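Numbering (the numbering used here), first residue to last: 1085 to 1561.
A virtual CB, placed ideally from N, CA and C, is assigned to each residue, including glycine.
As the structure is a prediction and not an experimental result, all values here were calculated from the model.
What follows is a set of notes on a single structure, which appears directly below.
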Amino acid sequence: MVSARPQSQINSLPFKSAIPGVVFPALPGPKALPIMAVLYQLERNQWLDAAAHRSRSFGQLHSLLSIAAKKVHYYHILLGRLGFDPNVPLSEEFWAQIPIMTRGTLQDEKQRLLSTDIPQEYQPFTKVNSSGSTGMPVEVYQPSYKRTFFSATNLLEDVIHGADFSKKSASIRIFKGMGLTSEGKDLPHWGAPASDLFHTGPSALLDARQDPDVQADWVIRQNPAYLQIFPSNLVALLPLLRERGAKLSNLHYIRSVGEQLPSYIREEVRDLLGVKIVDAYSSQEVGFMAIQCPEHDHYHLLQDACFTEILNDENKPCAPGEIGRVVVTDLLNPAFPLIRYDIGDYAEAGAPCDCGRGWPVVNRIMGRVRNLVTFPDGSRQWPMTGGAHFAKIAPVRQHQMIQETPMALRILLVSERPLTDDEKAEIVARAHQHLGSKFDTSIEEVGEISRGENGKFEDFRSNVTPEMIAAARRQYA
Ligand SMILES: [Zn+2]
């Protein structure tokens, strides 16, 4: 069952003890313990072979379906119709006939997807809003322990890529409500969850809404070992680092988060900075779905917390090299089950990996891509669109923002009925509030919003040219 490399990378990490005077072996504190328990299992499970992963996943899927059939109205009806019997082990044949759940179904059926019996251990059971990767806002409910799995997987990514937790980590992300200036913020540790479990080096935070020029100077000053950043932000940053002749001599790798990574960026980063990009695939709805193989640029599907299938038009598993829809089942949420949920992305299936890990491989993922927003004065930043909240204002099923000039923004909406003038005004106000500036904004109601080239979905697209940016800067200089 266990293949060539059972040795653990975790054992050598600097675990932090919560007990004064006890250093080794460390006894971690109550926040760290469940995360550590999951991290150890995930790290161990990577060396299981593909058949063992599948058999474990099917065991957990059976448990999930059994609870869903009993406690969740939507699945009580659906699984009853399919003749689900909880006393019979789940077969591949039965699994394959469960219909795919679309984002539209999730939008329509969310009340009937909620369990009638939510155990105490799941509390607080919280609502999560996601505009997802296709601009279609959905609401899901998640048990508190999902956070534990998210933290453990987040750490696993650093662990399997050989991170040295004593070095400096830097993050350029959205840090709401922290009042960060263009200087960012320095911390003596990496922050949770890493510093709950490990002795770590310092970290530095900068808000992604800072101008890319400010970001470039900041990164050079920080010279971190690890940098976390949105891919669209990294695309804007690279030419500025090149201009400045930046070497970032301490840099070990860049972790990309939040969007699809354009593959050409990997080469650019290797060429300019001599390091790799470490990418992962996650969503608000289910958490981590895949992490990058430490030995290749492709990804391993983490079948431990989320069972992910890449399916063709006939809902059959894609062969290596074939591109299909990403269909996920959250293995950890029987109280709001997402079973064979079409998350809205496409991915290319891969052949088994030679690294020895039995997790299935995907070669590439076609998810959400973004452009930076340009303000009327020509400054630019990573966009917060507010799109996840549009459905609270009106029955909006999908949205896309297109910026045509530094002044002009179009919001494309698919809705269940024509919107009132008040609703349109409120959506524009919400978008301006999240973007942090006012634009000449028009709303266009459309029948559907399609994907761009290569299956990418651009939830914020910019048609602003470098000439327009230069002209705006001159005008405001
Ligand atoms: Zn691999």
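Residue i to residue j span [Cα, whole Å]
| i | j | result |
| --- | --- | --- |
| residue 1546 | residue 1258 | 20 Å |
| residue 1157 | residue 1420 | 11 Å |
| residue 1477 | residue 1507 | 6 Å |
| residue 1432 | residue 1448 | 5 Å |
| residue 1350 | residue 1195 | 42 Å |
| residue 1254 | residue 1309 | 8 Å |
| residue 1469 | residue 1518 | 6 Å |
| residue 1514 | residue 1472 | 10 Å |
| residue 1268 | residue 1298 | 10 Å |
| residue 1191 | residue 1147 | 25 Å |
| residue 1386 | residue 1396 | 20 Å |
| residue 1213 | residue 1324 | 34 Å |
| residue 1129 | residue 1187 | 31 Å |
| residue 1277 | residue 1364 | 17 Å |
| residue 1329 | residue 1383 | 31 Å |
| residue 1374 | residue 1243 | 15 Å |
| residue 1407 | residue 1559 | 47 Å |
| residue 1113 | residue 1119 | 11 Å |
Closer than 7 Å: residue i CB and nearest ligand 1 heavy atom
| i | result |
| --- | --- |
| residue 1339 | no |
| residue 1441 | yes |
| residue 1245 | no |
| residue 1488 | no |
| residue 1241 | no |
| residue 1402 | no |
| residue 1507 | no |
| residue 1377 | yes |
| residue 1390 | no |
| residue 1137 | no |
| residue 1380 | yes |
| residue 1384 | yes |
Environment of residue i [buried if 16+ CB atoms lie within 10 Å]
| i | result |
| --- | --- |
| residue 1086 | For residue 1086, the pLDDT reaches just 46, beneath the cut-off of 50, and the residue's location in the model is therefore unreliable, although a value from the coordinates is still provided. So residue 1086 ends up on the exposed side. |
| residue 1520 | exposed |
| residue 1530 | exposed |
| residue 1398 | exposed |
| residue 1161 | exposed |
| residue 1339 | buried |
| residue 1164 | exposed |
| residue 1232 | buried |
| residue 1205 | exposed |
| residue 1096 | exposed |
| residue 1237 | buried |
| residue 1207 | exposed |
| residue 1252 | buried |
| residue 1103 | exposed |
| residue 1509 | exposed |
| residue 1175 | exposed |
| residue 1230 | buried |
| residue 1417 | buried |
7 Å Cβ shell around residue i - same chain, five flanking residues per side excluded
| i | result |
| --- | --- |
| residue 1533 | 1219, 1482, 1484, 1496, 1498 |
| residue 1144 | 1415 |
| residue 1247 | 1310 |
| residue 1436 | 1134, 1445 |
| residue 1491 | 1460, 1523, 1524 |
| residue 1342 | 1314 |
| residue 1544 | 1454, 1455, 1457, 1467, 1469, 1485 |
| residue 1107 | 1101 |
Neighbourhood of residue i by C-beta distance below 6 Å, restricted to the same chain and skipping five residues each side
| i | result |
| --- | --- |
| residue 1306 | 1254, 1288 |
| residue 1557 | 1462 |
| residue 1117 | none |
| residue 1193 | 1158 |
| residue 1234 | 1371 |
| residue 1378 | 1244, 1245 |
Own chain residues within Cβ distance below 8 Å of residue i, not counting five before or after
| i | result |
| --- | --- |
| residue 1166 | 1178, 1181, 1182 |
| residue 1554 | 1462 |
| residue 1511 | 1474, 1477, 1478, 1480, 1495, 1497, 1503, 1527 |
| residue 1271 | 1286, 1287, 1288, 1289 |
| residue 1319 | 1346, 1349 |
| residue 1326 | 1356 |
Closer than 8 Å to chain C by CB, residue i
| i | result |
| --- | --- |
| residue 1230 | The structure shown contains no chain C; it is built from a single protein chain. |
For this session: Please specify which runs of the beta strand (DSSP E), each continuous and at least 3 residues long, are wholly inside the stretch 1091 to 1167, giving them in chain order.
Result: none
Problem set entry | Ordered list of alpha helix (DSSP H) runs contained in the stretch 1475 to 1548, each at least 4 residues | 1505 to 1519
Problem set entry | Runs of alpha helix (DSSP H) lying entirely within the stretch 1189 to 1261, each at least 4 residues, in chain order | 1230 to 1244
Exercise. Can you give, in chain order, each stretch of the beta strand (DSSP E) that sits fully within the stretch 1291 to 1367 and has at least 3 residues?
Worked result: 1310 to 1313, 1337 to 1340, 1360 to 1367
For this session: Mind listing, in chain order, the continuous beta strand (DSSP E) runs of no fewer than 3 residues lying wholly within the stretch 1367 to 1407?
Result: 1371 to 1376, 1383 to 1385, 1390 to 1395
For this session: Only counting runs of 3 or more residues, tell me where the beta strand (DSSP E) segments fall wholly within the stretch 1433 to 1471, in order along the chain.
Result: 1445 to 1450, 1452 to 1454
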